[in-house]
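One structure is given below, encoded as structure tokens.
2 protein chains.
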Amino acid sequence: MTQAVRHDSMRARNLGVVLGEVRRSGPVTRAALAEMTGLTKTTVSKMVADLLAAGMVAETGVPSRGERGRPGTAVALSGGRVAALGLEINVDYLSACVVDLTLAVRLRRAQAVDNRTASPVETLSHLCELAREAVDEARAAGLVIAGSVLAVPGPVDDGLVHNAPNLGWRDVHVGELLSGPPGGLPAPSPSPTVDNEANLAALGELWFGSGHRDFLHVSGEIGVGAGLVVGGALFRGAHGLAGELGHVVVFPDGPACRCGGRGCLEQYAGQEALLRAAGADTVEQLTGRLRDGDAAALAACERAGHALGLALTSAVHLFDPGTIVLGGVFAPLFPWIRGPVRATTAARLSAIRAAVPDLAVSRLGGDAAVLGAAGQVIHRIVADPVAHLPAR
Amino acid sequence: MTQAVRHDSMRARNLGVVLGEVRRSGPVTRAALAEMTGLTKTTVSKMVADLLAAGMVAETGVPSRGERGRPGTAVALSGGRVAALGLEINVDYLSACVVDLTLAVRLRRAQAVDNRTASPVETLSHLCELAREAVDEARAAGLVIAGSVLAVPGPVDDGLVHNAPNLGWRDVHVGELLSGPPGGLPAPSPSPTVDNEANLAALGELWFGSGHRDFLHVSGEIGVGAGLVVGGALFRGAHGLAGELGHVVVFPDGPACRCGGRGCLEQYAGQEALLRAAGADTVEQLTGRLRDGDAAALAACERAGHALGLALTSAVHLFDPGTIVLGGVFAPLFPWIRGPVRATTAARLSAIRAAVPDLAVSRLGGDAAVLGAAGQVIHRIVADPVAHLPAR
DNA sequence: CGATTTAGTCCACTTAATGGATTTAATATG
DNA sequence: CATATTAAATCCATTAAGTGGACTAAATCG
Chain A
1 MTQAVRHDSM RARNLGVVLG EVRRSGPVTR AALAEMTGLT KTTVSKMVAD LLAAGMVAET
61 GVPSRGERGR PGTAVALSGG RVAALGLEIN VDYLSACVVD LTLAVRLRRA QAVDNRTASP
121 VETLSHLCEL AREAVDEARA AGLVIAGSVL AVPGPVDDGL VHNAPNLGWR DVHVGELLSG
181 PPGGLPAPSP SPTVDNEANL AALGELWFGS GHRDFLHVSG EIGVGAGLVV GGALFRGAHG
241 LAGELGHVVV FPDGPACRCG GRGCLEQYAG QEALLRAAGA DTVEQLTGRL RDGDAAALAA
301 CERAGHALGL ALTSAVHLFD PGTIVLGGVF APLFPWIRGP VRATTAARLS AIRAAVPDLA
361 VSRLGGDAAV LGAAGQVIHR IVADPVAHLP AR
Chain B
393 MTQAVRHDSM RARNLGVVLG EVRRSGPVTR AALAEMTGLT KTTVSKMVAD LLAAGMVAET
453 GVPSRGERGR PGTAVALSGG RVAALGLEIN VDYLSACVVD LTLAVRLRRA QAVDNRTASP
513 VETLSHLCEL AREAVDEARA AGLVIAGSVL AVPGPVDDGL VHNAPNLGWR DVHVGELLSG
573 PPGGLPAPSP SPTVDNEANL AALGELWFGS GHRDFLHVSG EIGVGAGLVV GGALFRGAHG
633 LAGELGHVVV FPDGPACRCG GRGCLEQYAG QEALLRAAGA DTVEQLTGRL RDGDAAALAA
693 CERAGHALGL ALTSAVHLFD PGTIVLGGVF APLFPWIRGP VRATTAARLS AIRAAVPDLA
753 VSRLGGDAAV LGAAGQVIHR IVADPVAHLP AR
């Protein structure tokens, strides 16, 4: 429920509103902020002073536009102090990044590890090491890490990974394992919150991608996940398990899927099915063959694209997304699957929908999830700066 | 974006919080309200005084529970003054209801009209007449109609019905037609807002139904629509067109659908397909035959249930609903389709989902949409009572 | 160079919530 | 039966935070 507004939470909230507006509108003067937020110049001035003191915003060079009157001094988000750590565990790599308040990527680390053969604890201590290095380096650059988020390839419920089949994890309580030395691993503090990779990839696309505020982001990895963003907010469903595009039924009598069903999208457009159909071992090999015009590879993409188109048709009817963004392995394959996907969706949607959602490719590819993880921390800070202020 | 909180909006908001808590918790004392909202007793007392003066709450008989100390005087929502009008246009009937603040249905009117043969303007003036009668009767009972919402069987965008195929409407600007005598019809004032029938039916189920806060409501009418409620809020998608369950792809190579696709759910479980397959003319006839054990009727239900189960499997993977509630024509058919639907969803979901959503039947049946329409007005009033207060 | 215009700050005022003291109305107890 | 105890509701002085108008600062215009 919406909570009651008390005097202090009013201020906290308004600080968030002002900071959010600063982010949205780039460098802005206090006067413009007052106009936009509906607060008075006095109030805005006081709040900007607080934000300046906290190192969250900085006065930029005056954008003197040659207009009459006293020129305002614009303020913008400052990347100099506050930063966030993004972490990712995936099937065959670990990854970390540090992002500052302006969403500039300050540091990027990745490490190839086969996490299928390693135990969860091994993988997590590996990750902690990587995180530690990243944090140290960020500190050396004068940044304060305000928080971190970890992306894992499977559904997460409050720090608990119930079942991540592609990692071979079952009931791994990541949150607890990372909650610090007494019983846990030496994780960076404050200890990371854990979230699903597909969800965070969608948020990555939101904050670091093409700038859409309404889209369905499809992350093709070993599994096929999707994250829906509506009005700049992620849709999670009742238990946070929404967006399992990979198990949407495409051909009800198709091949059996590890989910217990038959004919799920993953059996046609998942990375393994796709490579098997094309007779390739890696995605790089597949794109190579596609470039060479290999018939089997092209047929595999055609088939995967058609299946993806069918699943997306259902998803569009249910979700009503603004745009569809293809990411993960679908990004490098985009030139070849775009056609079949479009053909299928257009044929089935154009008669009833005024606008068939655009089909776009993600520029972020595999980086979307780590970036989204770090971005989520930043987003939380901007929405509620008081909680992260160095106590007044 | 979240708007800035100013002094007056702080009060407005807190009034809404208090009133919302009164609704949620039935008769409560001021002291309990203070506890629940986190506001002080002083503040709550002042606000309750305002709400009493506005006739929105009333002091109920003290629920003296034999405890020590001064007993509190409980307050509860009062149905005596404020009420809302719900309206519905459907293919073969018009309907109206008046609901008071406590969500008690004070008045219920329905009229069988074939709106397929009538023009939109004819239908709407018919509706206005019905509404006028309902409003007059409510006034006579001392109620003030604070607003109204109209349900129509088709997607609505800001008062404009782009395409309601089952009514034969195209680009009917209902909002404008109902905006009052200068150019419009003599609609009740304030003039109704318009929304989609499936959405409002889901909200009806939320407020008047079984009390779930997370569910997917399936309204089987001529078309098959669905409304998703998550955390007590309706999910609408980017353009308000979400939940078109009827056009989820079930058998990609199935029969052609009027949407331009093939093998949509509507071709198997829509009212027309279902009756045709069973060789029946009306739903009543069909249920009669089912009760008699007619083989063709049972087979038709089996087939429809299987198709619905497939579509719901996809919907569960994408939406992650808490429960599935079957309404509309599926309500009377529930005893016969429950089995096939369950069998299909359980087989395809149980291995990967910790909890397969429950399958329940709506107690509201065809009334869900009108009730939801009236309920939406009430909901708005409770969320922001200041806007509906008789000016302090 | 003064008039005009706009930005930002200062200050007295208002709103609404707070917290503790007080009053009120019950039950429990000697 | 009078008194203690307990909890609800109200009263009142205080505080936090936003408001609005006056004032100062720094530009451009004529």
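Top to bottom, those sequences are chains A and B.
Quick note on our numbering: the first sequence kicks off at 1 and runs consecutively.
Quick note on our numbering: the second sequence kicks off at 393 and runs consecutively.
Where a beta carbon is used, it is the ideal one built from N, C-alpha and C, also for glycine.
Bear in mind the structure is a predicted one, so any value in this text is a computation, not a measurement.
* Taking 8 angstroms as the cut-off, decide whether the C-beta atoms of residue 681 of chain B and residue 672 of chain B are in contact. => Taking the first residue of the second sequence as 1, we reach residue 681 of chain B at position 289. Taking the first residue of the second sequence as 1, we reach residue 672 of chain B at position 280. Yes, the Cβ-Cβ distance between residue 681 of chain B and residue 672 of chain B is below 8 angstroms.
* At 9 angstroms on the CB atoms, spell out the chain A contacts of residue 409 of chain B, in chain order. => Within the second sequence, numbered from 1, the residue matching residue 409 of chain B stands at position 17. What residue 409 of chain B touches in chain A, judged by beta-carbon distance under 9 angstroms, is 1, 2, 3, 4 and 5, going in chain order.
* Residues bridged to residue 681 of chain B [DSSP beta-bridge criterion] -> Translated into the one-based positions of the second sequence, residue 681 of chain B becomes position 289. Under DSSP, residue 681 of chain B forms no beta bridge with any residue.
* Asked: Hey, out of A:37, A:189, A:325 and A:112, whose CA is closest to residue 139 of chain A's CA?
  -> In the first sequence, the residue the question calls residue 139 of chain A occupies position 139. Closest by alpha carbon: A:189.
* Asked: How do the region 551-571 of chain B and the region 357-369 of chain A stand: do at least 3 beta-carbon pairs fall below 8 angstroms, yes or no?
  -> The region 551-571 of chain B vs the region 357-369 of chain A: no contact.
* Say whether the region 104-118 of chain A touches the region 126-142 of chain A, bearing in mind that this needs 3 or more beta-carbon pairs closer than 8 angstroms, one atom from each stretch. => In short, these stretches touch, since the Cβ pair count reaches three.
* Asked: Terminal residues of the continuous beta strand (DSSP E) containing residue 235 of chain A?
  -> Here residue 235 of chain A refers to the residue found at position 235 when the first sequence is read from its first residue. Counting along the chain, residue 235 of chain A sits inside the beta strand (DSSP E) bounded by residues 233-235.
* **Rounded straight-line distance, which links the Cα of residue 252 of chain A to that of residue 646 of chain B** => Residue mapping note: residue 646 of chain B aligns to position 254 of the second sequence, counting from 1. Residue mapping note: residue 252 of chain A aligns to position 252 of the first sequence, counting from 1. One C-alpha to the other measures close to 12 angstroms.
* Beta-carbon proximity of residue 143 of chain A to residue 108 of chain A, cut-off 8 angstroms -> Taking the first sequence and counting its residues from 1, the one referred to as residue 143 of chain A is at position 143. Taking the first sequence and counting its residues from 1, the one referred to as residue 108 of chain A is at position 108. No, the Cβ-Cβ distance between residue 143 of chain A and residue 108 of chain A is not below 8 angstroms.
* To do: Kindly confirm or deny that the region 626-633 of chain B and the region 715-722 of chain B touch, where touching means at least three C-beta pairs closer than 8 angstroms.
  => Here the region 626-633 of chain B makes no contact with the region 715-722 of chain B; the two share fewer than three CB pairs at distances below 8 angstroms.
* Could you spell out the range, first to last residue, of the beta strand (DSSP E) harbouring residue 97 of chain A? => By one-based count along the first sequence, residue 97 of chain A stands at place 97. From DSSP, the beta strand (DSSP E) with residue 97 of chain A extends over 93-100.
* Could you check if residue 664 of chain B is buried or exposed, using at least 16 other CB atoms within 10 Å of its CB as the buried criterion? => Against the second sequence, residue 664 of chain B aligns to sequence position 272. Residue 664 of chain B is exposed by the Cβ-count criterion.
* **Spatial distance of residue 727 of chain B from residue 693 of chain B (CA atoms)** => Residue mapping note: residue 727 of chain B aligns to position 335 of the second sequence, counting from 1. Residue mapping note: residue 693 of chain B aligns to position 301 of the second sequence, counting from 1. Cα to Cα, the separation comes out at about 10 angstroms.
* residue 306 of chain A versus residue 261 of chain A: straight-line alpha-carbon distance, rounded -> Mapped onto the first sequence, residue 306 of chain A falls at position 306. Mapped onto the first sequence, residue 261 of chain A falls at position 261. Rounded to the nearest angstrom, the two C-alpha atoms are 19 angstroms apart.
* Chain-ordered residues of the region 742-763 of chain B with a beta carbon less than 9 angstroms from chain A -> For the region 742-763 of chain B, the beta-carbon criterion of a distance under 9 angstroms to any beta-carbon of chain A is satisfied by 742, 743, 744, 745, 746, 747 and 749.
* **Contacts of residue 241 of chain A in chain B (Cβ-Cβ under 8 angstroms)** => Position 241 of the first sequence, counting from 1, holds the residue named residue 241 of chain A. Ordered by position in chain B, the residues that pass the 8 angstroms Cβ test against residue 241 of chain A are 712 and 745.
* **Residue closest to residue 347 of chain A, alpha-carbon to alpha-carbon, out of B:608, B:656, B:752 and B:479** => Residue numbering aside, residue 347 of chain A sits at position 347 when the first sequence is read from its first letter. Cα-wise, what sits closest to residue 347 of chain A is B:656.
* Beta-carbon proximity check, residue 493 of chain B vs residue 443 of chain B, cutoff 8 angstroms -> Here residue 493 of chain B corresponds to residue number 101 of the second sequence, with the count starting at 1. Here residue 443 of chain B corresponds to residue number 51 of the second sequence, with the count starting at 1. Not in contact: residue 493 of chain B and residue 443 of chain B (Cβ atoms no closer than 8 angstroms).
* To do: Give a yes or no on whether 8 angstroms exceeds the smallest Cβ distance from residue 636 of chain B to chain A.
  => The residue given as residue 636 of chain B occupies position 244 in the second sequence. Interface residue, yes.
* Asked: Is the CB-CB distance between residue 84 of chain A and residue 352 of chain A below 8 angstroms?
  -> Locating residue 84 of chain A in the first sequence gives position 84, where the first residue counts as 1. Locating residue 352 of chain A in the first sequence gives position 352, where the first residue counts as 1. No, these two residues do not count as a Cβ contact at 8 angstroms.
* Asked: Between the region 25-54 of chain A and chain B, which residues of the former have a C-beta closer than 8 angstroms to a C-beta of the latter?
  -> Against chain B - using a Cβ distance shorter than 8 angstroms - the residues of the region 25-54 of chain A are 37, 38 and 39.
* DSSP on residue 267 of chain A, reduced to helix/strand/coil? -> By one-based count along the first sequence, residue 267 of chain A stands at place 267. DSSP places residue 267 of chain A in helix when its eight states are reduced to three.
* Asked: Where does residue 587 of chain B land, buried or exposed, given buried means 16+ other C-beta within 10 angstroms?
  -> Here residue 587 of chain B is taken as the residue at index 195 of the second sequence, counted from 1. Buried, because 16 or more other Cβ atoms sit within 10 Å of the Cβ of residue 587 of chain B.
* Does the Cβ-Cβ distance between residue 597 of chain B and residue 545 of chain B come in under 8 angstroms? -> Locating residue 597 of chain B in the second sequence gives position 205, counting from the first residue. Locating residue 545 of chain B in the second sequence gives position 153, counting from the first residue. No, they are not a contact pair.
* To do: Note down, in chain order, every chain A residue with its Cβ under 7 angstroms from the Cβ of residue 702 of chain B.
  => Translated into positions along the second sequence, residue 702 of chain B becomes position 310. Ordered by position in chain A, the residues that pass the 7 angstroms Cβ test against residue 702 of chain B are 249 and 252.
* When DSSP labels each residue in this structure, what does residue 395 of chain B get in the three-state scheme? -> Against the second sequence, residue 395 of chain B aligns to sequence position 3. Looking at residue 395 of chain B - three-state DSSP - the assignment turns out to be coil, as it is neither helix nor strand.
* To do: Within its chain, find whatever has a CB closer than 7 angstroms to the CB of residue 111 of chain A; leave out the 5 residues flanking it on each side and keep chain order.
  => Residue numbering aside, residue 111 of chain A sits at position 111 when the first sequence is read from its first letter. Only residues of its own chain outside the window of five on either side were considered, and among them 93, 94 and 130 have a CB closer than 7 angstroms to the CB of residue 111 of chain A, listed in chain order.
* With 8 angstroms as the limit, tell me which residues of the region 160-182 of chain A have their beta carbon closer than that to any beta carbon of chain B; keep them in chain order. => Using a CB distance below 8 angstroms, the part of the region 160-182 of chain A facing chain B consists of 162 and 163, ordered along the chain.
* Amino acids of chain A, ordered along the chain, whose beta-carbon sits closer than 7 angstroms to that of residue 706 of chain B -> In the second sequence, the residue the question calls residue 706 of chain B occupies position 314. Residues of chain A with a Cβ closer than 7 angstroms to the Cβ of residue 706 of chain B are, in chain order, 248, 249 and 314.
* Can we say the region 336-343 of chain A touches the region 63-82 of chain A, given the rule of at least three CB pairs closer than 8 angstroms? -> Taking one beta carbon from each stretch, the region 336-343 of chain A and the region 63-82 of chain A have fewer than 3 pairs nearer than 8 angstroms; the two do not touch.
* Mind listing the chain B neighbours of residue 379 of chain A? Cutoff is C-beta to C-beta under 9 angstroms, in chain order. => What you label residue 379 of chain A is simply residue 379 of the first sequence in a count that begins at 1. Chain B residues near residue 379 of chain A: none, gap ~13 angstroms exceeds 9 angstroms.
* To do: Find the residues of chain A that neighbour residue 630 of chain B, judging by a C-beta separation of less than 7 angstroms, and give them in chain order.
  => Position 238 of the second sequence, counted from the first residue, corresponds to residue 630 of chain B. Neighbours of residue 630 of chain B on chain A, chain order: 214, 230, 320, 321 and 322.
* **Contacting residues, own chain, Cβ-Cβ under 7 angstroms from residue 231 of chain A (five flanking each side not counted)** => Counting from one through the first sequence, the residue named residue 231 of chain A turns up at place 231. Excluding residues within five positions, the ones whose Cβ falls inside 7 angstroms are 213 and 214.
* **Within chain B, partners of residue 259 of chain A - CB distance below 7 angstroms** => Your numbering for residue 259 of chain A matches position 259 in the first sequence. In chain order: 743 and 744.
* **Span of the alpha helix (DSSP H) around residue 122 of chain A** => Looking up residue 122 of chain A in the first sequence gives position 122. 120-140 is the span of the alpha helix (DSSP H), which, as asked, contains residue 122 of chain A.
* DSSP three-state call for residue 452 of chain B: helix, strand or coil? -> Position 60 of the second sequence, counted from the first residue, corresponds to residue 452 of chain B. Note: residue 452 of chain B maps to coil in three-state DSSP.
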